[in-house]
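Using this note's numbering, read the sequence shown as starting at 15 and increasing by one per residue.
Heads up, the beta-carbon is just placed ideally off N, CA and C, and yes, glycines get one too.
Computed from a predicted model, the values in this text were never measured in an experiment.
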Amino acid sequence: MILSASHISKSYHNGEKELHVLRDINLELQKGEIITIMGQSGAGKTTLLNILGTLDQPDSGSISICGQDIDSLADEDLSKLRNKHLGFVFQFHHLLPEFTAMENVLLPALISGNETEIKERANELFDYVGMVERQKHYPAQLSGGERLRVAVLRALILKPDVVLADEPTGNLDVHNADRLLSLFQKINNDFNQAIVITTHNLKVAEIGKRRFVLENESLKHIDII
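Right, dumping it as structure tokens:
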């Protein structure tokens with residue numbers, strides 16, 4: 015087990031009003047799994063993914079990543095753990111516009127201080143997704159599908175234990191969405207990469223080896239027939 019969430023609850027306060035988003039959520043992820051979490055807009059999918067990715071804190075409950083309980087970690091140690099074990103793909107790719115595709119992919123390596131040794135892996139990943147000729151292009155020179163593929167490579171560059179993808183196909187047309195889903199499945203098969211994907215799209219949810227629905231503050235497992 016490489017990621018465990020136990021009894022996670024989260025609410026937000028607006029003046030005297032309290033909005034419960036997550037209540038007593040439990041989730042475990044094994045190496046090599048694809049898990050999909052489906053839910054309507056506002057159901058709390060992004061909040062849950064941010065908590066799983068240590069970008070947000072729950073009101074109660076605990077998160078363990080690769081056997082390490084994160085509750086007691088200082089901010090610096092938490093950042094190091096996040097950089098080492100987790101990769102992120104967001105609906106809005108968040109590529110830095112003044113950096114080339116290659117430079118964007120290498121950003122996590124720059125943070126961790128091992129850019130030189132990781133450059134070869136970056137070249138291999140660009141070849142893997144058929145974008146060798148686009149390495150020196152800036153985000154504005156890339157299509158929407160290409161920008162998302164660069165974001166995926168950035169998430170993979172340090173060989174994380176888990177890739178967390180938040181509505182990754184939300185801003186793509188059908189063709190590019192299908193290509194991205196195929197890429198996730200290929201990455202899972204070729205690298206035995208664990209992936210958690212949130213989505214409101216049933217077709218996206220169907221690539222999960224285990225599938226969940228987040229509704230009414232609760233996470234429910236869906237039996238696959």
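Going by other Cβ atoms of all chains shown within 10 Å of its Cβ, with 16 needed for buried, is residue i buried or exposed?
i	result
residue 177	buried
residue 160	buried
residue 200	exposed
residue 45	exposed
residue 111	exposed
residue 188	exposed
residue 90	exposed
residue 108	exposed
residue 205	exposed
residue 145	buried
Using the three-state DSSP reduction, which class does residue i fall into: helix, strand or coil?
i	result
residue 28	strand
residue 167	helix
residue 204	helix
residue 57	coil
residue 52	strand
residue 85	coil
residue 194	helix
residue 180	strand
residue 40	strand
residue 221	coil
At what residues does the alpha helix (DSSP H) containing residue i begin and finish?
i	result
residue 175	It is not in any alpha helix (DSSP H) - residue 175 carries neither H nor E in the DSSP assignment.
residue 229	Taken as a continuous stretch (DSSP letters only), residue 229 belongs to no alpha helix (DSSP H), being part of the beta strand (DSSP E) at 224-229.
residue 76	Element bounds for residue 76: not the alpha helix (DSSP H) but the beta strand (DSSP E), 74-79.
residue 109	No alpha helix (DSSP H) contains residue 109, which DSSP labels as neither H nor E.
Terminal residues of the continuous beta strand (DSSP E) containing residue i?
i	result
residue 235	232-236
residue 146	Careful: residue 146 lies outside any beta strand (DSSP E) and carries neither H nor E.
Just how far apart, CA to CA, sit residue i and residue j?
i	j	result
residue 98	residue 174	6 Å
residue 60	residue 180	6 Å
residue 171	residue 198	14 Å
residue 17	residue 82	9 Å
residue 22	residue 227	16 Å
residue 118	residue 164	8 Å
- Message: Closer than 8 Å is the cut-off here; do at least three beta carbon pairs connect the segment 212-232 with the segment 34-53?
- Response: yes
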